[in-house]
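The structure appears right after this line, and notes come after that.
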């Protein structure tokens, strides 16, 4: 595995209590080489590996889904939302950033109270130390089209997505 290879992995993700977080039911395919498709520490561990080789790596929150940030939690008035709002649903909130700029953040509804809604924009695994086990099941050179498309669509990963 080296820069600009398409890599396919069988993988699982656990937390430090050995709770399965992702069974990897579908193999993960990504473009290797710092394109943001996988966490940097996982790419580093895979560098130079070949088909059949495995890695076992523990990632701190800062190297994975980030630290949990209390400032990403909002409490909003219930009347701002539709009646059919449900816990677990994602909602987008728009914030003004200066005169002409808006920021849109996606929040998960974590609790619905009588007159308030609690929203959280943290990734569900923010603050969690994870253990990634992966076995390489495929490696090939990427085509120039695959590399170009990845550079153009940098915000749309082929594999693992980080929010």
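Residue numbers (my numbering): 1 to 163.
For each residue, glycine too, the CB sits at the ideal point set by N, CA and C.
- If you look at residue 116, you'll find it isn't in any alpha helix (DSSP H); it sits in the beta strand (DSSP E) that goes 116-120.
- With contacts defined as CB atoms closer than 8 Å, residue 35 and residue 134 fail to qualify as a contacting pair.
- By alpha-carbon distance to residue 123, the top candidate from 138, 148 and 107 is 107.
- Fewer than three beta-carbon pairs drawn from the region 93-102 and the region 44-64 are found closer than 8 Å, and the two stretches are therefore not classed as touching.
- A straight line joining the alpha-carbon of residue 131 with that of residue 137 spans about 19 Å.
- Per DSSP, the continuous alpha helix (DSSP H) segment holding residue 46 begins and ends at 40-46.
- Distance from the CA of residue 111 to the CA of residue 29, rounded to the nearest whole angstrom, comes to 35 Å.
- The three-state secondary structure of residue 89, taken from DSSP, is coil.
- Just so you know, the alpha carbons of residue 147 and residue 60 end up roughly 29 Å apart.
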